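In what follows, a single structure is set out as structure tokens and then discussed.
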DNA sequence: TATATATTTGCAACATTTTTGCAAATATTA
DNA sequence: TAATATTTGCAAAAATGTTGCAAATATATA
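Chains as they are written, first to last, in the working numbering: chain A, 1 to 145; chain B, 1001 to 1145.
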């Protein structure tokens, strides 16, 4: 499945940035799923310099192309809502598996209600649930036995 | 206002850890509000070694005394729900102000519903809303004018 | 309370992660 | 294609986090 770059290209050029090989590679890496900075660096080793990976991810974040996702004690970069539907995650504390869950009206009405109280203008939110996935809780039982 | 250490002391001793001066100072630092590791290090400079701050925060986190709070691109440590009521935050992207908001039944029922779908056992969750606070949006308007 | 034992601390050194300055390479504009 | 602006990679520095170990402190036992 080929990746459609038209949207990123458009975002970059609209802010006066150019579409280059390193930027393409970094974008492609993130497209493959949420990744830590070091994962991207490793993946592109020899092709994109460490420093450029940092700079590119920073730029992408500023332009809202990607966002940070905090999982346990590390963070990963994930494509932003313009590229993949807004969603949240169930994160397993044992195997680090990530299950996507969909957003709910509940969440949005909660955000609106609380923000209004403080005259706060929400621009984004993050909601992660940590715990133990079904596979790991099965294994846990075996260990405990 | 004096700090009541009985609860932390109890937690530490129940796991076989002792209540020491460095641990007291680090705990006190966090009691003063969410802080980054380096903020704690700076605050206790000369009194507690850098390395001990790391080790103590790590221990406190393992024992559930504190938890990490991801705000923007840094994380801070905050007292856990046993010490201060469980809550979420509105984080201002301009002045970094943090407004505490209370938890809601909405959130819990959402977590239960989604977790059940995947036979997932939730142990904790994190929910942060970023945006612009009322003060900063007032200033923004001035700049724009 | 003194002594023995176990835990915790601080220091020094190391490893990893992130940032910065700058010249060379690449892209854009005319 | 030449001129200009942007972007990259490299080297080096700064910041952040980790480890091993001896000295200091706390706890348990007599």
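Don't be surprised by glycine CBs; every beta carbon is placed ideally from N, CA and C. Fair warning: this is a prediction, and the values are worked out from it, not measured in the lab.
For residue j and residue i, the rounded distance between their alpha carbons
i              : j              : result
residue 35/A   : residue 78/A   : 7 angstroms
residue 1135/B : residue 121/A  : 11 angstroms
residue 101/A  : residue 1027/B : 36 angstroms
residue 1063/B : residue 47/A   : 43 angstroms
residue 1103/B : residue 19/A   : 43 angstroms
residue 22/A   : residue 49/A   : 9 angstroms
residue 126/A  : residue 1125/B : 10 angstroms
residue 4/A    : residue 15/A   : 19 angstroms
residue 1113/B : residue 106/A  : 12 angstroms
residue 1008/B : residue 76/A   : 32 angstroms
residue 33/A   : residue 1010/B : 43 angstroms
residue 1045/B : residue 38/A   : 31 angstroms
residue 99/A   : residue 116/A  : 31 angstroms
residue 54/A   : residue 68/A   : 13 angstroms
residue 97/A   : residue 1138/B : 42 angstroms
residue 969/B  : residue 85/A   : Since the first and last residues shown for chain B are 1001 and 1145, residue 969/B lies out of range.
residue 1040/B : residue 1108/B : 32 angstroms
residue 1006/B : residue 6/A    : 60 angstroms
residue 74/A   : residue 1092/B : 22 angstroms
residue 1061/B : residue 61/A   : 29 angstroms
Limits of the unbroken alpha helix (DSSP H) element including residue i
i             : result
residue 106/A : 105-118
residue 27/A  : 21-31
residue 3/A   : Note, residue 3/A: premise wrong, no alpha helix (DSSP H); not H, not E.
Contact belief for residue i with residue j at Cβ below 8 angstroms, rounded distance in angstroms
i              : j              : result
residue 80/A   : residue 66/A   : 6 angstroms
residue 90/A   : residue 1118/B : 6 angstroms
residue 1132/B : residue 1083/B : Contact flag wrong, Cβ pair sits at about 30 angstroms.
residue 1128/B : residue 1070/B : 7 angstroms
residue 1029/B : residue 1043/B : 5 angstroms
residue 17/A   : residue 57/A   : The Cβ separation is near 14 angstroms, so there is no contact.
residue 123/A  : residue 1130/B : 6 angstroms
Residue interval of the beta strand (DSSP E) (run including residue i)
i             : result
residue 36/A  : First-last for residue 36/A: undefined, no H or E at that position.
residue 131/A : 121-132
Listed in chain order, which residues of the region 113-144 of chain A have Cβ atoms closer than 7 angstroms to some Cβ of chain B?
114, 115, 118, 119, 120, 121, 122, 123, 124, 125, 126, 127, 128, 129, 130, 131, 132, 133, 134 and 137
Any C-beta of chain A within less than 9 angstroms: which residues of the region 1080-1094 of chain B qualify?
1088, 1090, 1092 and 1093
Extract the residue ranges of the alpha helix (DSSP H) inside the region 1038-1091 of chain B, only unbroken runs of 4 or more that lie entirely within it.
1050-1062
Chain B contacts made by the region 99-111 of chain A, where a contact means CB separation under 9 angstroms:
99, 101, 102, 104, 106, 107, 109, 110 and 111
Check each residue of the region 1044-1070 of chain B: if its Cβ is closer than 9 angstroms to any Cβ of chain A, include it; give the result in chain order.
1061, 1068 and 1070
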